[in-house]
Amino acid sequence: MIRIDLHSKVFPWLIISAVLLTLAEGAAKPKRCESPWRTFRSVCFMFADNNHQKFEDAQTICYKKGGFLASIRNSQEQGFLIKTIQGMGSSLARVRWLIGLYQYDETDNRAYRWLDGSVSSFRNWMPTQPNSVYERCTLLDGSNGYKWRDEICSNRALFICRKDLEKDGSMSCFKGHPPPQQIFEKKGVSVTECLEHCRGQGFPLAGSVPDKCFCLKPDNINALKEAERHECNGHCQNQHCGNNNFITIYNLTYYTDTAESCEDLSQLGLSNPSTYVTKSGEEEKLQNCFSDDGERKSLKTHRDNSFNR
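All the letters of the sequence shown, read from the start, carry residue numbers -26 to -1, 1 to 283 under mature numbering (1 follows the signal peptide of the UniProt record, and there is no 0).
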C-alpha cells in the first residue's frame, strides 16, 4: 500500500497534475476534415482519384461539395498535395490533376487567376509553361515533378477540390440583396476584383452578383436569409457569384494573401481606379491604382466565356 504524506510539499503538485491531466483528456480534439477530405492546417483538400472530368464539370462538382477547384497558395500547400498523392499508391503518383487556376483572358497566356478569388502569386509552372492561349486550364503533373502545365479545358483529368475547415468558411450564399450601399458596378466584374476592391475600402465582406459588387459589414447581412450553396449559381468571369435572387458573400478574413503591386493586380484583371491593399515584404499598405483610362485592353473583349473548347 502506498502512503501519501498529506503535509508533504509535493502533495499539492500531485493534485494540480491530476487536474491538468483530467482537463487534457477531456479537451476537444483538434478539428479535422471529414472523409474523404484531407486536413492541412485550416484547409481541407479532396482528391477525386477515380473521376476524370472536364475543367468546368470538375469546378461544378467541387462547388456542390462546399468548396472550389483547388487553389494552391504557397509551397507548403503544394508540398502537402505532393506528399498525399505519393501516399495514394504508385498508380496515382504520375498522373495529372486539375487545379483551380485558369486563363481568364483568351488572348493572353499570362493572364491567370484562381477560381476562388485568391490573389496568391504562388506558381509552380514547368519551365516552358504556360505556352498556349488555347490551353486555358491548369494541371498539376505528377509525371513532371508535380510542376504545373496548361491544358485544353475540355480534356478530362482527375481533380483536387479545396474548402475551409470551418463550416461557413470563405463563402456563403444568401437570398436577397443587401441595402444599396457601397456598390461597385462594372460590366463583367470578377469575384477577384470585387474582393480586392472591398478590401481596399476596409470592409471584411464582399458580395458578388453579375456586374455588381457589394462591400459589406456583418450587420449588413443580418436581414438576409442563408441559402443553399447551389442556389448561388451565377458566374462572374467564370468565378462563382450570385444571380437575380441570391448573392454570394465572401469573407475576406479567409483571404490572407495580398498583391505586391498595382501591376500584380492588373495581371489578375483588375482595372478600376480605387484604393487597394498591397504588400511589400511583411508590410501592408494602401495604394491608389489605375488611372481613369487605365483599363487593360484585354478586359474590353472577353469573346469566349466557355472552357469547353
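No residue lacks a Cβ here, since even glycine has one placed at the ideal position from N, Cα and C.
Segments of 3+ residues assigned as beta strand (DSSP E) that fall wholly inside the segment 135 to 159: 145 to 149 and 157 to 159
Distance between beta carbons of residue 100 and residue 222, contact taken as under 8 Å: Not quite, the Cβ-Cβ distance comes to about 33 Å (not below 8 Å), so this is no contact.
Own chain, CB closer than 8 Å to residue 225, minus 5 neighbours either side, in chain order: Within the same chain, Cβ atoms closer than 8 Å to the Cβ of residue 225 are found at 142, 143, 144, 145, 146, 178 and 179, the five residues on either side in sequence being excluded.
For residue -4, the three-state DSSP class (helix, strand or coil): Residue placement at residue -4 cannot be trusted, given a pLDDT of 44 that sits under 50; what the coordinates show is reported in the next sentence. Reduced to three states, the DSSP call for residue -4 is helix.
Cα-Cα separation between residue 168 and residue 181, rounded to whole angstroms: Cα-Cα distance, rounded: 8 Å.
Burial state of residue -7 (16 or more Cβ within 10 Å): Here the model assigns residue -7 a pLDDT of 48, short of 50, so the residue's position is not dependable and the matter cannot be decided.
Beta strand (DSSP E) segment containing residue 82, residue limits: Here residue 82 belongs to no beta strand (DSSP E), and DSSP marks it neither H nor E.
Closest residue to residue 240 among 103, 171 and 259 (Cα-Cα distance): 171
Proximity winner among 41, 71 and 160, relative to residue 132 (alpha-carbon distances): 71
Cβ-Cβ separation, residue 136 to residue 284 (assumed contact under 8 Å), whole Å: For the chain, the structure presents residues -26 to 283; residue 284 sits outside this window and is missing.
Proximity winner among 236, 154 and 51, relative to residue 174 (alpha-carbon distances): 236
Residue 168 (DSSP reduced to helix, strand or coil): helix
Under the three-state DSSP convention, the category residue 233 falls into: strand
Residue from 165, 91 and 232 with nearest C-alpha to residue 210: 165
Extent of the continuous beta strand (DSSP E) run through residue 57: Per DSSP, residue 57 lies in no beta strand (DSSP E) segment; the continuous alpha helix (DSSP H) that holds it begins and ends at 49 to 60.
Segment limits, alpha helix (DSSP H) that includes residue 228: Counting along the chain, residue 228 falls outside any alpha helix (DSSP H), and DSSP gives it neither H nor E.
Touching by the beta-carbon criterion (3+ pairs, under 8 Å), the segment 193 to 213 and the segment 111 to 119: no
Spatial distance of residue 296 from residue 157 (CA atoms): A query on residue 296 cannot be resolved here, the shown segment of the chain reaching from -26 to 283 and no further.
Inter-stretch contact (C-beta, 8 Å, three-pair minimum) for the segment 187 to 199 and the segment 9 to 21: no
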